[in-house]
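Q: This is the structure, below, for whatever I ask next.
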Amino acid sequence: MLRLLILCPVLLAACAAAEKAPDGGDLHVRQEAACTATIAAHVGRPQIEVTSHWLSETGGIAKVEAIDGSRRHLCDVDASGRVLGYSHPDA
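Numbered per mature numbering (1 follows the signal peptide of the UniProt record, and there is no 0), the sequence shown spans residues -20 to -1, 1 to 71.
Okay, here's the thing in structure tokens:
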């Protein structure tokens, strides 16, 4: 019984650490990665040549900017990391 009492706080701490950061950091990283992959496939370039930056969130949909070379793209990404669409704002 004593082992169980000692183990419970350890397990609770591990579960709390596994949750995403309260500032959405983990979610932002997943959304950026999804945008990077989508735009790389769109332009036919390796993902390493596309950089993405999380910009904002409205109504559960994130706006992520992706740049490949000198071209700019904006992705709409949901909380599951799925790209709903993208645009070319400078075109």
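Glycine included, each C-beta is placed from N, C-alpha and C at the ideal position.
Let me know the secondary structure DSSP gives G49 once reduced to three states.
A: Along the sequence shown, read from residue 1 onward, the residue named residue 49 stands at position 69. Residue state, collapsed to three classes: coil.
Q: E45: which of E12, A17, L64, A59 sits nearest, CA to CA?
A: In the sequence shown, residue 45 corresponds to position 65, counting from 1. For the residues E12, A17, L64, A59, the minimum Cα distance to E45 belongs to E12.
Q: Does DSSP classify H22 as helix, strand or coil?
A: Your numbering for residue 22 matches position 42 in the sequence shown. In this structure, H22 counts as helix in the three-state DSSP scheme.
Q: Do the CB positions of A42 and Q27 come within less than 8 Å of each other?
A: For the purposes of this step, residue 42 is identified with residue 62 of the sequence shown, where counting begins at 1. For the purposes of this step, residue 27 is identified with residue 47 of the sequence shown, where counting begins at 1. No, the Cβ-Cβ distance between A42 and Q27 is not below 8 Å.
Q: Count the other CB atoms, across all protein chains shown, that sit within 10 Å of the CB of S50; report buried if there are 16 or more and exposed otherwise.
A: The count along the sequence shown starts at 1 and reaches residue 50 at position 70. Answer is exposed; the Cβ neighbour count stays below 16.
Q: Which residues in the same chain have their Cβ closer than 8 Å to the Cβ of Y66, if we skip the five residues on either side of it in sequence?
A: Position 86 of the sequence shown, counting from 1, holds the residue named residue 66. For Y66, where only same-chain residues beyond five positions count, the Cβ hits under 8 Å are C15, T18, I19, H22, A46, H53, L54, C55, D56.
Q: Can you give me the C-alpha to C-alpha distance between A71 and D6, rounded to a whole angstrom?
A: Numbered from 1 along the sequence shown, position 91 holds the residue referred to as residue 71. Numbered from 1 along the sequence shown, position 26 holds the residue referred to as residue 6. So the two alpha carbons sit approximately 31 Å from each other.
Q: Tell me which same chain residues have a C-beta within less than 6 Å of the C-beta of A59, skipping the five on either side of it?
A: In the sequence shown, the residue the question calls residue 59 occupies position 79. Cβ neighbours of A59 beyond the five flanking positions: G40.
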